[in-house]
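Notes for the one structure printed next.
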Amino acid sequence: MTRQVLWIAARFALVYGALTWLAAVTPVYAALERPCVRVANALLRESADETRALSLEPRDGAAVYLYELRVGSQGRRLERGMHAHGFVELLFIALVAATPWGVTRRLGWALVSGAALVFAVCVLMLMSDVAGWEAEARGAMGLAALSGRPYAIPLGFVAGLHQTAAAGLIPIAFWTLVTIRPGAPRG
Amino acid sequence: MRSRSDDTSDVSSTPDDSSAVPSGRAALVLRVALYLALVLGLSNLLLVEAVDQHLLAHVRNAIAYLAAHVLAPFREGVYADGERVFVGGAAVEIVNGCTGVDVAIFLSSAMLVFPAPWRARLFGVAAAFAIVLVTNFARVLTLCVLNASSPAAFELVHVYVWPASISLVCLATLLGWIRLATAPP
């Protein structure tokens, strides 16, 4: 392994270590989760007899999601502990900070599209959570669990991603694929 | 002005603007799209019951069995029971997120879409699985010991230290592999 690779890895370790320490002692994850909750809430489906609302509220020094589903005259409110989806964003920030920068279009494109991708991954994981809570709430109201979907798009394709902490590798792979210029294949 | 071959050995140091040609950008977008399709497809494959029963269950059992055998000479009351490792009275259950298979899949998918020779890609996939599985096994060992001796430290190491360490190992592996795969013969 070359010195340059070690240098990038060391810088990444330093920055990511500092960010995770910050996340452990301050409510960084809640701050990162709030925009995701706003977007996931804005995308919820509503109709004349079905309303849904998602919010993030402080509770005993931590944060919880509140998911409220109303179907006709029935309603259900679920409270669930916050998931730290923001770790994916911290990884991306650490990678950007660890990369030797020159002002180039390639890195600028990587930064903008990478930030969008990372945010989308976090929102999709949260939406996958919401789909689970919807089924739970419907079951508790005596309705068929899969009789309604909270979002217009089916979320089955993110189910696997949502089950694994390996989602944090998406920004690493994306950043590496985009910022490192490959040569022509040999051999 | 640096040559194309010079660029290949440059690990994201000073990429220049000439890369922004349409064909290069299209290839880049295709690689990223392929990567996302691979990780989404393969991560969903891990949820298939047949895969879980016939593959992942064996991996979980093997990790628990090996962890118990490695720890037994050093600690009292260590044994494995199916997918659980007991150290003293405390048990750690090996679930799918603890096997490292998902991490290895995410890492090797990046190697598969990177434009290197196929032999290098296959070597990369094998190396990715080996490195991730060994690192993950070290993670399981430390968590088994900490769960029995210091639950507070277990939480800290489980939630913060190991995820960061595994990310770092994956980044170093990917960068090192690209360096090797694109080095002049």
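If you're matching them up, the sequences are chains X and U in order.
Mapping of the first sequence onto my numbering: position 39 corresponds to residue 39, and the numbering continues sequentially without gaps.
Add 1000 to the 1-based position in the second sequence for my numbering, that's all there is to it.
Quick reminder that beta carbons are idealized off the backbone N, C-alpha and C, glycines included.
Source: prediction; values computed, not measured.
Which two residues bound the contiguous alpha helix (DSSP H) that contains residue 1065 (chain U)?
Counting along the chain, the unbroken alpha helix (DSSP H) around residue 1065 (chain U) starts and ends at 1057-1071.
Going by C-alpha distance, which of X:56, X:127, X:78, X:11 is nearest residue 159 (chain X)?
X:127
Looking only at its own chain, which residues have a Cβ that is under 7 Å from the Cβ of residue 174 (chain X), when we skip the five neighbours before and after it?
Correct list, in chain order: 114, 117.
Would you say residue 24 (chain X) lies against chain U (beta-carbon separation less than 9 Å)?
Interface residue, yes.
Using a beta-carbon distance cut-off of less than 9 Å, what residues from the segment 1030-1041 of chain U approach chain X?
1031, 1032, 1035, 1036, 1039, 1040, 1041
I need the DSSP call for residue 1101 (chain U), collapsed to helix, strand or coil.
helix
Tell me the DSSP secondary structure of residue 1079 (chain U) in three-state form.
strand
Considering only residues of the same chain and omitting the five flanking positions on each side of residue 100 (chain X), which have a CB-CB separation below 8 Å?
8
For residue 50 (chain X), which residues does DSSP report across the bridge?
X:47, X:71
Which of helix, strand or coil does DSSP assign to residue 84 (chain X)?
coil
Buried or exposed for residue 123 (chain X), going by 16 or more other Cβ atoms inside 10 Å?
By the 10 Å Cβ count, residue 123 (chain X) comes out buried.
For residue 66 (chain X), I'd like the list of residues in its chain whose CB is within less than 6 Å of its CB, leaving aside the five on either flank, ordered along the chain.
55, 57, 79
State the CB to CB distance for the pair residue 45 (chain X) and residue 150 (chain X), rounded to an integer number of angstroms; the pair is presumed to be in contact (CB under 8 Å).
6 Å
Could you give the first and the last residue of the continuous alpha helix (DSSP H) run that contains residue 1084 (chain U)?
Not the alpha helix (DSSP H): residue 1084 (chain U) falls in the beta strand (DSSP E), residues 1084-1087.
What residue from U:1171, U:1182, U:1119, U:1074 has the CA that sits closest to residue 1142 (chain U)'s CA?
U:1074
Does the contact criterion of 3 or more C-beta pairs under 8 Å hold for the segment 1119-1136 of chain U versus the segment 135-143 of chain X?
no
When you compare the segment 129-138 of chain X with the segment 90-100 of chain X, are there three or more beta-carbon pairs, one atom per stretch, that lie closer than 8 Å?
Result no; under three Cβ-Cβ pairs closer than 8 Å.
Pick helix, strand or coil for residue 1022 (chain U), following the three-state DSSP scheme.
In this prediction, residue 1022 (chain U) scores a pLDDT of 40, lower than 50, which makes its location untrustworthy; the coordinate-derived value is nonetheless stated afterwards. Residue 1022 (chain U) falls in the helix class under three-state DSSP.
Going by beta-carbon coordinates alone, are residue 1146 (chain U) and residue 1158 (chain U) separated by less than 9 Å?
yes
In whole angstroms, what is the alpha-carbon distance linking residue 1107 (chain U) and residue 1097 (chain U)?
15 Å
Report the rounded CA-to-CA distance for residue 1089 (chain U) versus residue 1184 (chain U), giving the unit in angstroms.
55 Å
Can you pull the chain U residues whose beta carbon is under 9 Å from the beta carbon of residue 56 (chain X), in chain order?
The premise fails here: residue 56 (chain X) is roughly 19 Å from chain U at the closest Cβ pair, so nothing lies under 9 Å.
For a test of the three-state rule: what should DSSP assign to residue 58 (chain X), helix, strand or coil?
strand
Hey, residue 1043 (chain U) and residue 164 (chain X): beta-carbon distance below 9 Å or not?
yes
Below 6 Å CB to CB, which residues in the same chain sit around residue 1091 (chain U) once its five sequence neighbours on both sides are set aside?
1084
Verify whether the separation of the beta carbon atoms of residue 1035 (chain U) and residue 1109 (chain U) is less than 9 Å.
yes
From residue 111 (chain X) to residue 83 (chain X), what distance separates their C-alpha atoms?
25 Å
Measure the C-alpha to C-alpha separation of residue 1054 (chain U) and residue 1062 (chain U) and round it to an integer number of angstroms.
13 Å
List the endpoints of the continuous alpha helix (DSSP H) containing residue 1169 (chain U).
1162-1181
Excluding five sequence neighbours on each side, which residues of the same chain lie with their C-beta closer than 8 Å to the C-beta of residue 1071 (chain U)?
1078, 1085, 1087, 1141, 1144, 1145
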